[in-house]
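The next block holds one structure in the form of structure tokens; read it before the comments.
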Ligand SMILES: Cc1cc2nc3c(=O)[nH]c(=O)nc-3n(C[C@H](O)[C@H](O)[C@H](O)COP(=O)(O)OP(=O)(O)OC[C@H]3O[C@@H](n4cnc5c(N)ncnc54)[C@H](O)[C@@H]3O)c2cc1C
Ligand SMILES: Cc1cc2nc3c(=O)[nH]c(=O)nc-3n(C[C@H](O)[C@H](O)[C@H](O)COP(=O)(O)O)c2cc1C
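Residue numbers (the working numbering), protein chains in the order written: chain A, 1 to 449; chain B, 450 to 886.
As structure tokens, this is what we get:
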């Protein structure tokens, strides 16, 4: 056991060097050829398959699995990429347990779905390893489309536009493309630089230029963009974070979970990352679980997730919750933050108030409990920041704090489309962002025709 | 991208995948769905002569055997030829051919063995604009009792006679469909060839009883307590069909006669194997009856990808490529020596290779080494038979590795000869033509 484990406060090097690489290795290791063949054999090739219905990008799952089983992994990859050019990342990060695999007829029959996600990874990895390219650009249309944000939505949109022969420029605020694939997804879901490999793979279709460190609202306005391009796609994701609305939120040691997660993803040496000995994460979604699990993997001794409602209301799937539990994270329900406690200007704990449902509404009971902590992560949801959108030109119509779009992804402004986390009515999943980016591209293509 | 357009005896189709004459091709509704799904052609469900159509049983017509996970491996049926009115069929054939001019439309026919009966139906079929006909000499049940189908297919002289009539009375290409319910398939193929057939297709279904109900003591499918033999098809019959196709392809008398392969074809790979053995195209029945028409997408894509990967430009580059490598046992090289090799990293230690070898073969695989469960080939005993490879549940875990010329075969204590030598010249062969000196 490394001596760093019991260091008080927030500290690095809690674990022995080799523990870090073991902790942050692939969550679901890839299937080898034999495993993939055996697993693919389990698929019944259902008609109008429930798995395909459940996939936001409508991948022809029975077909790609059949192609694996007949020794045609490249054909299989193409079946996947035809619908979802980020099929490689989705194979790693999709909560398949609430999507395709939940409705697999073998889940219904035996409680053991075909491992669709891992098969998808087998096919897409094979194609990417062999450098197989399946798409060519249509002849140049002379049209030029601006995409804001190089996340899953923006990349999927750009790729589809390029296929149709349009020139695309992506304006991206961060130094790297990928969006949350690069800065958000848990490190053990996409290890070994996969996010950047995938970005390169997607961009290799050509005629897509990515301009990094270009921020809408700082470097240019939406009306500039609209003037300079034939169409604009907004895929800026969510850049704001909800506040706890608890006393003491700015004390040292209170942090946004997404920033902590981004830091982990960008680290070249995990042992240099600091984490508290006792960590509390406030929230109940995927971000909360990812922050908690990765705190634990960095060597935190005690990690507690506090969620203000019951287990069933948690946004993190059953699988994610079990994953957290298996890593030693404690999940406590019916607790909301009341006050951050401190000593010497640093966090020393948090006072939580018990909650209950009263007259159909969540209410505090007045009773409180204290949990010791050196570090507290806020993971109670990200928000869309509309300020960069509304410069000199007409304002974009919003709904529920996010951009309002129609079924084709059109916003209230002419020639401006949007998709991914920044639009209203989505489910904040990578795969949905891909579907919306792709479909908006088709709509843009029709409009430019 | 590989070009998989097919030209089979002058009948063109966008790909070499046709539906075999069977329920999937029994009416316009199904055939149109098949064409929409991408099938290159169909052989329409067998037509009978004018007059009241045949009747089918009204109870179960299928029986089956399954593999793991209830994967359908073999299907058996007691269905007859089309039980729909001839006029209706002809009208639909004409319409579908007109609507889908780029797809192959071949009409299967089975009428009594008289010149007039064949002459009459041929004229009617020709009027539909169909691309060709297939003579059904194969149905093993129901029809042969009426002197048709397999009853004709088992008598080479009848085959030759009927083919001759057909060649005389129609300009359409004639494909003769052969029954496998015969000892030597080359005989009917030669007869069809002698009669002037443009091609043969095979196999039709194999006489079979799939199972017996042990409560009622009746064969299945059971109709009111009784059952009868049916025709067997599906993945289980593929090896039989492959051999029959190869036999015809390499027979000097029929060599070069176009062959349409049928029997258990389920994936692009099955089709490619048949084509390598000399088939010009592939017909499918059970696989679509199990999974629906959509599987053709996988077949088209899989075939193209494989051809691209191997650099085969078109179908001619693969058709018949394996035929020269099919030979008689007596010409196999007896100086070719292999030994099994178990990849210890892949081995899951189930012990099936050991027990198969120990109980039933050559005692050439250990089960225990230094007190540990360990499976390893004993070269001094291994005859290279391949049984262990075939019973091993892990693909690629056991390999047959050829010994290089000059290497020592520890079983025989002889060095491996670099020369080719077969049974015809072997000293143990009493009929050896040249004595090995
Ligand atoms: C911690 C965490 C874990 C998650 N885990 C999963 C998971 O396991 N599975 C899953 O399916 N989903 C997961 N999600 C959700 C998923 O990551 C998102 O739904 C998805 O990334 C949304 O894609 P997007 O393209 O809309 O936005 P983002 O991925 O957020 O991309 C938006 C891009 O726009 C850029 N941008 C923002 N503002 C501007 C601006 N003003 N100018 C220029 N560029 C700008 C950003 O820098 C970013 O690159 C997770 C989310 C988080 C936060
Ligand atoms: C239900 C059923 C009906 C069939 N009817 C005919 C027929 O009318 N004419 C014919 O030539 N073959 C008929 N066949 C045989 C098929 O055309 C084909 O030769 C055989 O099924 C082998 O191919 P498969 O293994 O792909 O099924 C029938 C097969 C089945 C299963």
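Yeah, the Cβ is synthetic: ideal placement off N, Cα and C, and Gly gets one too.
- Pairing residue 489(B) with residue 462(B) gives a Cβ-Cβ distance under 8 angstroms.
- In this structure, the alpha-carbon of residue 484(B) lies about 13 angstroms from that of residue 542(B).
- The beta-carbon separation of residue 56(A) and residue 342(A), rounded to 43 angstroms, does not stay under the 8 angstroms limit for a contact.
- Taking the beta carbon of residue 515(B) as reference, no residue of chain A falls within 8 angstroms; the closest one sits roughly 13 angstroms away.
- Of the heavy atoms belonging to ligand 2, none sits nearer than 7 angstroms to the Cβ of residue 722(B).
- The beta-bridge partner set that DSSP reports for residue 170(A) consists of 147(A), 210(A).
- Rounded to the nearest angstrom, the gap between the Cα atoms of residue 389(A) and residue 177(A) is 20 angstroms.
- Between residue 354(A) and residue 262(A), the C-beta gap is not smaller than 8 angstroms, which leaves the two residues out of contact.
- Contact annotation for residue 718(B) against chain A: 70, 71 [CB-CB distance below 8 angstroms, chain order].
- Residues of chain B whose Cβ lies closer than 7 angstroms to the Cβ of residue 37(A) are, in chain order, 844.
- With contacts defined as CB atoms closer than 8 angstroms, residue 653(B) and residue 632(B) fail to qualify as a contacting pair.
- Residues of the segment 63–94 of chain A whose Cβ lies closer than 7 angstroms to any Cβ of chain B, in chain order: 63, 66, 67, 70, 71, 72, 74, 75.
- In terms of Cα proximity to residue 751(B), the closest of 65(A), 14(A), 18(A) is 65(A).
- Between ligand 2 and the CB of residue 670(B), the shortest heavy atom gap is not smaller than 7 angstroms.
- Contact holds between the segment 853–871 of chain B and the segment 777–795 of chain B, because three or more Cβ pairs, one in each stretch, are under 8 angstroms apart.
- Using a Cβ-Cβ cut-off of 9 angstroms, residue 41(A) is close to 517, 518, 520 of chain B, given in chain order.
- DSSP, reduced to helix, strand and coil, places residue 508(B) outside both helices and strands of the structure shown, so it counts as coil.
- Inclusion of residue 834(B) and residue 847(B) in the CB contact set at 8 angstroms is not warranted, their separation being larger than that value.
- Bridge pairing for residue 789(B): 849(B) [DSSP].
- In the DSSP assignment, residue 495(B) falls within the unbroken beta strand (DSSP E) covering 490–496.
- Between residue 271(A) and residue 338(A), the alpha-carbon positions lie close to 33 angstroms from each other.
- Annotated three-state conformation of residue 319(A) is helix, per DSSP.
- Here residue 487(B) has 745, 746, 749 as same chain residues with Cβ atoms under 7 angstroms from its own Cβ, once five neighbours each way along the sequence are excluded.
- Annotated three-state conformation of residue 327(A) is coil, per DSSP.
- For residue 332(A), the beta-bridge partners assigned by DSSP are 306(A).
- Within the same chain, 843, 845, 846 come within 8 angstroms of residue 795(B) by CB-CB distance, once the 5 residues on both sides are set aside.
- Apart from sequence neighbours up to five positions away, the residues of its chain that approach residue 146(A) with a beta-carbon distance below 6 angstroms are 169, 225, 229, 232, ordered along the chain.
- In this structure, residue 189(A) places its C-beta atom within 8 angstroms of the C-beta atom of residue 27(A).
- The distance from the Cβ of residue 571(B) to that of residue 611(B) is about 11 angstroms, inconsistent with a contact at the 8 angstroms cut-off.
- Taking C-beta separations shorter than 8 angstroms and ignoring five residues to either side along the sequence, the partners of residue 721(B) in its chain run 752, 755, 767, following chain order.
- It is roughly 14 angstroms from the alpha-carbon of residue 142(A) to the alpha-carbon of residue 444(A).
- With contacts defined by Cβ atoms closer than 8 angstroms, residue 558(B) and residue 495(B) form a contacting pair.
- Within chain B, the residues placing a beta-carbon under 8 angstroms from that of residue 47(A) are 741, ordered along the chain.
- For ligand 1, a non-hydrogen atom lies closer than 7 angstroms to the CB of residue 172(A).
- Around residue 34(A), the beta-carbon contacts reaching into chain B at under 9 angstroms are 795, 843, 844, 845, 846.
- The nearest non-hydrogen atom of ligand 1 is less than 7 angstroms from the C-beta of residue 429(A).
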